[in-house]
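Just so you know, the protein sequences line up as chains A and B, in that order.
Going by our numbering, the first sequence opens with residue 1, and the numbers climb by one from there.
Going by our numbering, the second sequence opens with residue 1001, and the numbers climb by one from there.
Just so you know, even glycine gets a beta-carbon here, dropped at the ideal spot from N, CA and C.
The structure appears right after this line, and notes come after that.
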Amino acid sequence: MMLKNIYSLFAAFILAVLLILPALVAQTFYLHILILVFLYALLGGAWNILGGYAGQVSLGHALYFGIGAYTSTMLMLEAGVNPWIGMLIGMFLSVSVSAILGYPCFRIKGHYFVIATIALGEIAFVIFTNWQWVGGAVGKHIPLLPPGLAVFQFAGKIAYYYIALSFLVVQLVFTYLMQKSYLGYYFQAIREDEDTARSLGINITKYKMAAMAFSAAFMAAGGTFYAQYLLYIDPESVLPNVLSTQVCLIPILGGLGTVFGPVIGAFVMFPLSEFIRASLGGSGNALDLIIYGLLIMIFAIAKPTGIMGFITEIVRARRSASADGAGQAAANVRRE
Amino acid sequence: MSFDIMLGQTIVTGLLWGAIYTLTALGLTVIYGIVNIVNFAHGDFLMISMFLAYVLSIAVGFSPLQSLPFVVAALFLLGIVTYRLLIKPVLNAPMLAQIFATFGLMVFLRGLAQFIFGIDFRTIPTALQATRLDIGGIFISTPQLIAAIGAVVMFAAVYFFITKTRTGWALLAVAENREAATLMGIDSNKMFALAWGIGAACVGVAGCLLANFYYVFPEVGAIFGFLTFIVVAFGGFGSITGAFAAGLIIGLIEALAGFLLDPSYKYSIVFTVYLLVVIFRPKGLLGSA
């Protein structure tokens, strides 16, 4: 109970800081970084529902991000549909596609499934690159409109900041509630041992598809946000392989199957790569990739629970230390 | 050129490429079959071996074929080091940790190559490069033919080693049942390290044969690595004969899709074929159910 209170207090404090932050941060560059951190935390959290909770590793998740970005953009350009409506339609389409692909793919297990998801991501990339109606390899520009909440376009970065933050908060609340509900327990049961979960009467395919659907919906929402924020999309920016890689790195670093893991992962990973790029000048030197690669290997070997795992352990250790206080301290002294 | 000749050319080209795929797939399937871990950095091992051949050509003027023994030895070591440092600690970990371990290695190696060499495409010029045979109007490039022959030889050697020698039987015994093999006095750790060494050495051969006629660049592992997964999954993870057949089939499908439809769609056709195969035969085309 104590632990839970500490977490919620801490979360409330962080949220308060984030809410007043734009008033303190004058430089647009930092706001831009924070907006992207929120977006990546949202995407990492989306991946985490399927990969972290239900244990199904998808390395083609850019597909759902791309569907979100392309749906709202094309509906707006071709039919004048409001991007907010477009976002909901994109989420719906993304969930539908995830169901159509998930039903056969979830019959495949383990590595076969992972490779199938890479294949799906690549197929989508090729299709969109060759599909002239959606702009092919060139992509599509979203025309500038008089800014306002109704058209999902704003003059400064502050509005985008609050929208990204609220998307993230919605996703965190959803994940928290999901974790507490029977869904979360079923997902984790499937992750731990599929055969046992099945023998307990859990409909494996149904719940895997549910995890994939939630995951796809949040990815698509992120896709629309990205399109409206940068006002330009092409397959290289919304459907690339590297995006699929990044969205799974975030929860790996932060902590798989935890509510706040992806947030921590995004806050560590994104500024890290920006810092490396800024301090070494220019991109393409790939030092950030080297460091990510090392971090993933280290976490895979030493700490599969990610940074959240560290935090939980430290908090638990503190708590147990204070609980049996003097005795434990005496034991430690004797050991030394 | 008549349609027949063009079709014949396409089939020959597809089979030649397929031979290279079989070779990279052989390495991956040996590792999977014995250690039961998928090496997501496999394509990047290929990239490393191509860059080693490139460095040797710059430094001492070796052609990739002359570099082959050195590169194979280096890759054998790389495989063993990877096993010792990265794989052994996650041997009994959940599949997620195993996937992320080699996935991290992939990101690391690709970043390292890009950091050292930049993103440029390089070639290793050799006297063989532009030569080709003409068989009834169908052209066969000499380096590609050498690669195909090398692939078949390597395949036969590994197949012979695993099925006919005592060490090979020990490898199979460890793959079959680690505890029982250990009780029989087989050091399973040594066998797993050997499997990683052999798997990486196969890639070393493939890398040199490929560098003889193909570009060397940091992302080369992405293309070949992914096709290798497809080939291995298509043939059935761990099946050596499956990998051979699947490599040739995938090479053919890729070439025919490029010829009959459009080159830009060829990989998506290959991926679609993979999806259909694993959906209807979840253990791969030739894998045992």
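Residues of chain B with a Cβ closer than 7 Å to the Cβ of A:V263 do not exist; the shortest Cβ-Cβ separation is about 19 Å. For A:R198, the enclosing alpha helix (DSSP H) has its first and last residue at 194-199. Rounded to the nearest angstrom, the Cβ distance from A:M219 to A:G68 is 6 Å, consistent with a contact under 8 Å. With contacts defined by Cβ atoms closer than 8 Å, A:V126 and B:Y1265 form a contacting pair.
Just so you know, the alpha carbons of B:F1103 and A:A79 end up roughly 42 Å apart. Rounded to whole angstroms, B:A1074 and B:I1048 show a C-alpha spacing of 10 Å. Interface residue (Cβ-Cβ distance to chain B less than 8 Å): A:L43 is not classified as such.
Residues are counted here when their Cβ sits less than 7 Å from a Cβ of chain A; for the segment 1185-1210 of chain B the count is zero.
A residue is called buried once 16 or more other Cβ atoms fall within 10 Å of its Cβ, and A:K180, having fewer, is exposed.
Contact annotation for B:T1272 against chain A: I123 [CB-CB distance below 7 Å, chain order]. Of the residues assessed, B:W1017 falls on the buried side of the cut-off, its CB having 16 or more other CB atoms within 10 angstroms. For B:D1134, the uninterrupted beta strand (DSSP E) run begins and ends at 1132-1135, by DSSP. Look at B:L1046: its C-beta is not under 8 Å from any C-beta on chain A.
Nearest CB-CB separation between B:V1220 and chain A: not below the 8 Å threshold. Under the 10 Å beta carbon count, B:F1045 is surrounded by 16 or more other beta carbons and is classified as buried.
Against chain A, the beta carbon of B:A1093 has neighbours under 9 Å at A300, I301, P304, listed in chain order. Secondary structure at A:G257: coil, using DSSP grouped into helix, strand and coil. Three or more pairs of CB atoms, one per stretch, sit closer than 8 Å, so the segment 1139-1150 of chain B contacts the segment 1204-1222 of chain B. DSSP places B:I1223 inside the alpha helix (DSSP H), whose first and last residues are 1220-1235. Counting only the Cα atoms, B:A1200 lies some 8 Å from B:L1028. Contact between A:I89 and A:T71 is confirmed by a C-beta separation of about 6 Å, below the 8 Å threshold.
Annotated three-state conformation of A:H61 is coil, per DSSP. Taking 8 Å as the threshold, the shortest C-beta distance from B:P1263 to chain A does not fall below it. The three-state reading of DSSP puts A:K303 in coil, since its state is none of H, G, I, E or B.
Shown here for B:E1219: not one same chain residue has a beta carbon closer than 6 Å to its own, the five before and five after excluded. A:I6 counts as exposed, since fewer than 16 other C-beta atoms from the protein chains shown sit within 10 angstroms of its C-beta. Among the CB atoms of chain A, one or more fall inside 8 Å of the CB of B:I1099. Using a Cβ-Cβ cut-off of 7 Å, A:V57 is close to L1096, I1099 of chain B, given in chain order. For A:L39, same chain residues with a beta-carbon under 7 Å away, outside a window of 5 residues either side, are A164, G222, F225, Y226 in chain order. Nearest CB-CB separation between A:H111 and chain B: below the 8 Å threshold.
The Cβ atoms of B:I1124 and B:A1211 lie closer than 8 Å to each other. For A:V138, the secondary structure class from DSSP, reduced to helix, strand or coil, is coil. Of all C-beta pairs linking the segment 1228-1243 of chain B to the segment 1079-1094 of chain B, fewer than three are shorter than 8 Å, placing the two stretches out of contact.
At a Cβ-Cβ threshold of 8 Å, B:L1172 and B:I1186 do not count as neighbours. Beta bridge pairing from DSSP links A:Y232 with A:H141.
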